[in-house]
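Inspection log for the structure reproduced underneath, given as structure tokens.
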Ligand code: AOF
Ligand code: ZN
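Residue numbers (UniProt numbering): 8 to 383.
Pasting the structure below:
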């Protein structure tokens, strides 16, 4: 009947607008930390009258951005938002106050904010003000996009994404660490894009000594994206003439070291503009206590961390159960039995064959394949 048809159309419109809000929110990924990257849309009589997303550095929040653009048109309109509007006085006033003051009649919110200062109170306060509130549309996608915020709030650590580029036979380099081209241009571009969507990129000191990487995001139009570069360096072996240290004033460089590392070396690094943080050394492994590393990063505000290698660091993260998402890029060539395996102490099947992970997506990238795994 006519009524049922109208309802169906309204539902489809809700879905469309929420998808749009989600894609707006994603624009902020990698730049809004310590805050989540939220998207918001104001719709009046089926027409979008305001769009907003969390601004770089985390403020202003998405809702006031969208409401500012909507102006008087917000009266009686619907607000689509990818996270529960905040109800607390943080570094900005509560978004619910702005929503109520604007005259919004209905709020469609993807998911509750687990931040204990919000945790349902945002939705409750909107309802108490007489606003119709629907929660849950797009919840799964929102949870994926806000994984960093959720992980930080709940577990005091960032969402950890492990990036691996392997040969057809699961090696990451030839014997003797001799570098070989494993994946092509399309894969490289994708990795730089992923770096841009992370708050920080982490490598072990072995990778720094072997490759002298720069770990910046070199994509046209994205030069202004600066994920923090993090090096695990228990004994402060990072060379002062490395490309990382040289660029420490232009792009943040944090070196995580042990409590017993030499004070003079730490002071010298500090003078280069590098931030030196001391955490507990691992009791068994040769490196640092990874849980302590992640807690320190979380306390600095990092919500999305990309682990880029090398194989020892990668396998330690996997073995500790601290990997939430894996980006596996596999090239077409084989390296041979004497090549260096992707995960030092573990077979790659510790991820690809594990029931702890499921495939989220898989696609060809030039001659390579990219597969994304997430926690099952
Ligand atoms: C929203 N909209 O766009 C974002 C929200 O310190 P503040 O005032 O910036 O508040 C930070 C908290 O606000 C953050 O931990 C998270 O719970 C929420 N983020 N909330 O209503 C937004 N980014
Ligand atoms: Zn807010």
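Just so it is clear, CB atoms sit at the ideal spot from N, CA and C, and this is done for glycine as well.
Sheet register partners of residue i (DSSP bridge)
i           : result
residue 369 : 378
residue 364 : 382
residue 55  : 50
residue 264 : 285
residue 60  : 46
Proximity winner among the options, relative to residue i (alpha-carbon distances)
i           : options               : result
residue 33  : 149, 76, 84 and 73    : 149
residue 226 : 206, 192, 241 and 239 : 192
residue 309 : 357, 94, 205 and 19   : 205
residue 89  : 337, 120, 76 and 295  : 120
residue 298 : 277, 323 and 275      : 323
residue 329 : 306, 345 and 296      : 296
residue 216 : 339, 240 and 223      : 240
residue 28  : 109, 115, 10 and 102  : 115
residue 152 : 201, 9 and 13         : 201
residue 220 : 357, 24 and 260       : 260
residue 177 : 354, 377 and 41       : 354
residue 286 : 300, 252 and 276      : 300
residue 2   : 58, 325 and 94        : Summary: the structure shown does not reach residue 2, with the chain confined to residues 8 through 383, and so no result is reported for it.
residue 104 : 55, 70, 282 and 54    : 70
residue 280 : 257, 271 and 293      : 257
residue 251 : 229, 270 and 218      : 218
residue 316 : 36, 170, 42 and 160   : 170
residue 380 : 235, 52, 335 and 141  : 335
Whole-number beta carbon distance between residue j and residue i, since they are thought to touch under 8 Å
i           : j           : result
residue 337 : residue 173 : 5 Å
residue 208 : residue 167 : Not confirmed; about 12 Å, so no contact.
residue 99  : residue 68  : 6 Å
residue 77  : residue 84  : 7 Å
residue 165 : residue 305 : 6 Å
residue 44  : residue 60  : 7 Å
residue 190 : residue 375 : 5 Å
residue 273 : residue 264 : 7 Å
residue 318 : residue 347 : 6 Å
residue 113 : residue 331 : Contact doesn't hold; Cβ gap of about 34 Å is too wide.
residue 118 : residue 136 : 20 Å between Cβ atoms; not a contact.
residue 194 : residue 372 : 5 Å
residue 86  : residue 49  : 6 Å
residue 65  : residue 92  : Residue 65 to residue 92, Cβ: 15 Å. No contact.
Residue i beta carbon near ligand 1 (any heavy atom closer than 7 Å)
i           : result
residue 93  : yes
residue 109 : no
residue 65  : yes
residue 97  : yes
residue 206 : no
residue 74  : no
residue 152 : no
residue 120 : yes
residue 90  : yes
residue 125 : yes
residue 39  : yes
residue 43  : yes
residue 61  : yes
heavy atom of ligand 2 below 7 Å from residue i C-beta
i           : result
residue 70  : yes
residue 102 : yes
Taking only runs of the alpha helix (DSSP H) that begin and end inside the region 282-350, which ones reach a length of at least 4 residues, in chain order? List check, alpha helix (DSSP H) in window: 297-306 and 318-326.
For the region 69-113, list the beta strand (DSSP E) runs that are entirely contained and at least 3 residues long, ordered along the chain. Runs of the beta strand (DSSP E) inside the region 69-113: 85-88.
In chain order, which beta strand (DSSP E) runs of at least 3 residues are fully inside the region 115-164? Qualifying beta strand (DSSP E) stretches, in chain order: 139-142.
Ignoring anything shorter than 4 residues or poking outside the region 164-244, list the alpha helix (DSSP H) runs there in chain order. List check, alpha helix (DSSP H) in window: 192-203 and 212-218.
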